[in-house]
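Protein chains in written order, with the numbering used here: chain A, 675 to 989; chain B, 13 to 644.
Glycine included, each C-beta is placed from N, C-alpha and C at the ideal position.
Structure first, commentary second.
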């Protein structure tokens, strides 16, 4: 009876599991479940261990950087084995900051606003704000202001490039729309089309005086006016702007309807042999003081210097 | 109708015909559908005397656009000298007849059979546009045709003999001046024949037309034409008499019938008599019979059998044909500037076919009838543009791509239609874009064209379309808005639609070309008025110098005549003395004065060219608005 009692005492006595063993078992379990360990997995695989000990070990592993904590869309916590080559910069961050960081990682280069982070996590707005400020100070996270919403703040990981939806793309620089860059592109496109037109046999020749989108893109690439590669869409937008200005005109391509782009050529009005039409040569049309001009007034056509110069042929 | 147009015609009538005519015109312009009785009431005082029409506040000299072209004057009876109603009636009837001759009146009949007079504003516009029509005629048909049109435009209606005599005389004088200054050989074709051929060409191309003559009213003593009958006694209450009763206007059945052989012979005979033996005239008076068109045969027989009234037929300029030809000229020049001369000749040939079909009774519209490929080839072969047949298909394709024509079908070479409306719309939009480019720059044109193609864009959307930075785009957009080239529509995004605030509303920008064109049309008229003011002011400033030049010119001409007379008489001493006098007379104009005259000439030429350019733009915008109103 004594021996049985001893055995019973031994079996019912609280056995304090070795923390190292618990951590090892947790790491093994995390290795088996690469998607992450949730509480249900802990209860099923480590049912023999007290939960408080498990949580304690998980915190130790998290602080040591071997596990990372995530939060699902259902606000369920997950613990995942952290990659050995993982960023060591997260060492020293507290749990909340790590959680915010991992959420931003999940958003990728589209980033997320503070409201989106709050809706994902159960953390109050103030806590999220503190975490973001801390991460920003440690240069782990950066702020991006999307085009068209200058007052809106989007947070993303520091090393990521913002998505195209957040900025207009090639034509924007740090200070905003790069007008000078666009003007240079317009000049280069016009130059290329002018060379094509001059090299053509006759001005009316459609094909030889025209260029496709790909040809223009190739010329721009070779001219090295842009440090970034320009896509076909970028070139199309530039040529569209020139078409609106009346510098370039479009014609259907030889394989129209087969998905091929149309042909671009210099507008005939730009050619040297063409003449202008209309009264734009009369100085009154573009006179800056035309609304104030009165017969008999201080500004009058009788004493107008613009008309004098124009009549003398100097206008 | 703009006030300035009325003032122009009033001033012209007042100065070159009579103040009374101008007064009648001004009254009718302000009171449409006036009867004779209403007009008479203006000049009749209760005592039976009449008051002189007060000097109305006519526009300043800048609106005397057609002043210099009218040289006729009709002796006038001042109203203030009249003391009887019959004299006033006669004077008013004469004024109305004169206005009718110039087609400035439109007659209508009231229910009580009284005649109502209104102003024919279309004819007012034609007279204002006369310099442009003259330029068009000179470009297309030559100087002699220009002189014929000039005589007919500013005389209203003229008989064949009177018109040709005047034109031949002017041609002869110009030849004399040219030969005396440059010692060139005389022209191969005599002025009479040139005038006659030009007249015949104009009639064949329907630039001029036959009209019935407006017979002046009979003297007051003979009231056989009056509806009331009987003789009007002094101080009697006059009855409403209509001009038609007194002035008979005949209708002509075939207004474009070519000149008959008899008319040609009579014209040359009259020219010979009026110009005298000093001008050498050719004996070749008629075309060979084989070249006469077939229709002339029956016309001749009809003409010979005309009533005596028809023998008094007159001719007038056909304003409608002048407008159509001007429109065609604009289209061909636009095609030439964009597609080249060959394509322009193809389009001109197609326009000639359309003109021929209109002559045969087909109506003009926004699009022409279908033209077959074979017809175009035949027309090119018949015209001087036969070399345009090579590459015809390519030219037709180019014209179709640019919107001048439309290919209807591909059978038998293809069938085509000229798209007048679409071409005019395109030209108008290009013209407006050119004005914007001149005023605001190339980037403003981008904004304008973007909104023309895609209306109702917000500013943000527009920026991405035109690749212009936010600040620049905003500034351009607002300047275009202020100048009336683009328009804005407000769309509230708040529930409170009654009190929208700027930050709760969308602002959508669009282009309304019709509205923009109307505004530009007004501006063009203003600019034209300013150029005219400047031109007349320069002439007025240098009037003394111009008069001096004219006097010196006449003096030199007299001395030249005396020198040639002395040479022919063999009097060398007198000839030498006269030559010396001539040399001294030539020194009367000092070099600085010559330079000043040269500057004045250059300035006037530039200003006149500017007026014609503006007139062409005005005509284009009016065509656009006409087509736009038909579409609406």
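Local Cβ density within 10 Å of residue i, reported as buried at 16 or more and exposed below that
i, result
"residue 534 of chain B", "exposed"
"residue 872 of chain A", "exposed"
"residue 825 of chain A", "exposed"
"residue 668 of chain A", "Given that chain A is displayed from residue 675 to residue 989, the structure contains no residue 668 of chain A and the question cannot be resolved."
"residue 729 of chain B", "Because chain B is modelled from 13 through 644, residue 729 of chain B falls outside the range shown and cannot be assessed."
"residue 382 of chain B", "exposed"
"residue 115 of chain B", "buried"
"residue 184 of chain B", "buried"
"residue 388 of chain B", "buried"
"residue 829 of chain A", "buried"
"residue 813 of chain A", "exposed"
"residue 162 of chain B", "buried"
"residue 417 of chain B", "buried"
"residue 75 of chain B", "Residue confidence is low: residue 75 of chain B scores 27 on pLDDT, short of 50, so the model does not pin down where it sits. No coordinate-derived value is stated."
"residue 167 of chain B", "buried"
"residue 725 of chain A", "exposed"
"residue 973 of chain A", "exposed"
"residue 494 of chain B", "exposed"
Where the beta strand (DSSP E) through residue i begins and ends
i, result
"residue 830 of chain A", "828-831"
"residue 924 of chain A", "922-925"
"residue 517 of chain B", "517-522"
"residue 959 of chain A", "Residue 959 of chain A -> no beta strand (DSSP E), and no H or E assigned at all."
"residue 817 of chain A", "815-818"
"residue 147 of chain B", "Residue 147 of chain B -> not in any beta strand (DSSP E); alpha helix (DSSP H) instead, spanning 142-153."
"residue 500 of chain B", "499-504"
"residue 421 of chain B", "417-421"
"residue 130 of chain B", "127-131"
Residues near residue i in its chain [Cβ-Cβ closer than 6 Å; skip 5 each side]
i, result
"residue 637 of chain A", "Residue 637 of chain A falls outside the range modelled here, since chain A spans only 675 to 989, and no answer is possible."
"residue 655 of chain B", "This structure does not reach residue 655 of chain B, given that chain B is present from 13 up to 644, and the question cannot be answered."
"residue 540 of chain B", "623 and 626"
"residue 796 of chain A", "749"
Boundaries of the alpha helix (DSSP H) in which residue i is found, first to last residue
i, result
"residue 347 of chain B", "331-351"
"residue 869 of chain A", "853-873"
"residue 587 of chain B", "584-598"
"residue 796 of chain A", "Premise fails: residue 796 of chain A is in no alpha helix (DSSP H) and is neither H nor E."
"residue 114 of chain B", "Where residue 114 of chain B is concerned, there is no enclosing alpha helix (DSSP H), given that its DSSP letter is neither H nor E."
"residue 892 of chain A", "887-897"
"residue 754 of chain A", "Note, residue 754 of chain A: premise wrong, no alpha helix (DSSP H); beta strand (DSSP E) at 751-755."
"residue 437 of chain B", "432-452"
"residue 743 of chain A", "Segment 741-745 is the beta strand (DSSP E) holding residue 743 of chain A; no alpha helix (DSSP H) there."
"residue 914 of chain A", "906-919"
Cutoff 8 Å; reference residue i; Cβ partners in own chain excluding five residues on either side
i, result
"residue 9 of chain B", "Nothing can be reported for residue 9 of chain B: it is not among the residues displayed for chain B, which extend from 13 to 644."
"residue 519 of chain B", "470, 471, 500, 501, 502 and 503"
"residue 790 of chain A", "781"
"residue 736 of chain A", "742, 743, 753, 769 and 772"
"residue 637 of chain B", "526, 529, 530 and 533"
Other residues of its chain near residue i: CB distance less than 7 Å, five sequence neighbours each side excluded
i, result
"residue 959 of chain A", "953"
"residue 557 of chain B", "605, 608 and 609"
"residue 330 of chain B", "218, 219, 220 and 221"
"residue 215 of chain B", "268, 270 and 271"
"residue 909 of chain A", "887, 890, 891 and 894"
For the segment 323-343 of chain B and the segment 136-150 of chain B, state whether three or more C-beta atom pairs, one from each stretch, are separated by less than 8 Å. Yes, since at least three Cβ pairs between the segment 323-343 of chain B and the segment 136-150 of chain B fall closer than 8 Å, the two stretches touch.
I want to know whether the segment 733-751 of chain A touches the segment 766-785 of chain A - three or more CB-CB distances under 8 Å. With a cut-off of 8 Å, the segment 766-785 of chain A and the segment 733-751 of chain A count as touching, because enough Cβ pairs lie within range.
Name, going along the chain, the residues of the segment 115-127 of chain B whose beta-carbon falls closer than 9 Å to a beta-carbon of chain A. Answer in chain order: no residues at all.
Between the segment 415-432 of chain B and the segment 472-488 of chain B, do three or more beta carbon pairs fall short of 8 Å? No, the segment 415-432 of chain B is not in contact with the segment 472-488 of chain B.
Against chain A: residues of the segment 606-626 of chain B by CB proximity under 7 Å: Contact annotation: in the segment 606-626 of chain B, residues whose CB is within less than 7 Å of a CB in chain A are 614, 615, 618, 619, 622, 625 and 626.
Chain-ordered residues of the segment 22-54 of chain B with a beta carbon less than 9 Å from chain A: Hits within the stretch: zero.
Is there contact between the segment 175-187 of chain B and the segment 279-289 of chain B, where contact requires at least three CB pairs shorter than 8 Å? Yes: the two stretches touch, three or more of their Cβ pairs being nearer than 8 Å.
Name, going along the chain, the residues of the segment 466-493 of chain B whose beta-carbon falls closer than 8 Å to a beta-carbon of chain A. Look at the segment 466-493 of chain B: the residues with a C-beta under 8 Å from a C-beta of chain A are 472, 475, 476, 477, 478, 479, 480, 481, 482 and 484.
Output needed in chain order: residues of the segment 428-460 of chain B with a Cβ under 7 Å from some Cβ in chain A. For the segment 428-460 of chain B, the beta-carbon criterion of a distance under 7 Å to any beta-carbon of chain A is satisfied by 443, 445, 446, 447, 450, 451, 454, 457 and 458.
May I ask you to list, following chain order, the residues of the segment 344-355 of chain B that have a beta carbon less than 9 Å from some beta carbon of chain A? Residues passing the 9 Å Cβ filter: 345, 346, 348, 349, 350, 351, 352, 354 and 355.
Under 7 Å, CB to CB, which of the residues in the segment 515-542 of chain B have a partner in chain A? Hits within the stretch, in order: 536, 539 and 542.
If contact means a Cβ-Cβ distance below 8 Å, which residues of the segment 553-569 of chain B contact chain A? Residues of the segment 553-569 of chain B that bring their beta carbon within less than 8 Å of a beta carbon in chain A are absent altogether.
Does the segment 557-575 of chain B come close enough to the segment 590-604 of chain B that 3 or more CB-CB pairs lie under 8 Å? Yes: at least three Cβ pairs fall under 8 Å.
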